[in-house]
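The sequence shown lines up with residues 1 to 82 when you count with the numbering used here.
Even for Gly, the Cβ is constructed at its ideal location relative to N, Cα and C.
The model shown is predicted, which means the values in this text are computed figures rather than measured ones.
Have a look at the structure below, then the notes.
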Amino acid sequence: MTRPVESEPDMARNVTIEMDEGFLADLRKVFDVETDEEAVREAAMRLAMYVRRQEFIDDIKSGEIDLQYDVRNEHGEGASAA
1 MTRPVESEPD
11 MARNVTIEMD
21 EGFLADLRKV
31 FDVETDEEAV
41 REAAMRLAMY
51 VRRQEFIDDI
61 KSGEIDLQYD
71 VRNEHGEGAS
81 AA
């Protein structure tokens, strides 16, 4: 499955959300941070990284990414004569 390349956002966005205080306290404890903002940011970043890892694993399982392929074995344009 080919995914479009997403560029990094040019600047941060502020988003207001309502969350249960107990849930936020749990996040602060799990991620060992002091503020709700740090806790939510860490949770969002870790989830995004998890999703990307899962997509990579799925691509390997589907054969889209071949871990056996070694470009150094290719002979052709740009190959060194050494």
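Per DSSP, the unbroken alpha helix (DSSP H) holding R28 starts and ends at E21 to F31.
C-alpha of N14 to C-alpha of V51: approximately 22 Å in a straight line. Cβ-Cβ distances below 6 Å link R28 to A39 in the same chain, with the five nearest sequence neighbours on each side left out; the list follows chain order.
Contact check for F31 and E18: beta-carbon distance about 20 Å, past the 8 Å limit, so the pair fails to qualify.
Our two residues, M45 and L67, have alpha carbons roughly 26 Å apart in a direct line. Taking the Cβ atoms as the reference, L24 lies roughly 5 Å from D36, within the contact range of under 8 Å. DSSP places M11 outside any alpha helix (DSSP H), giving it a letter other than H or E.
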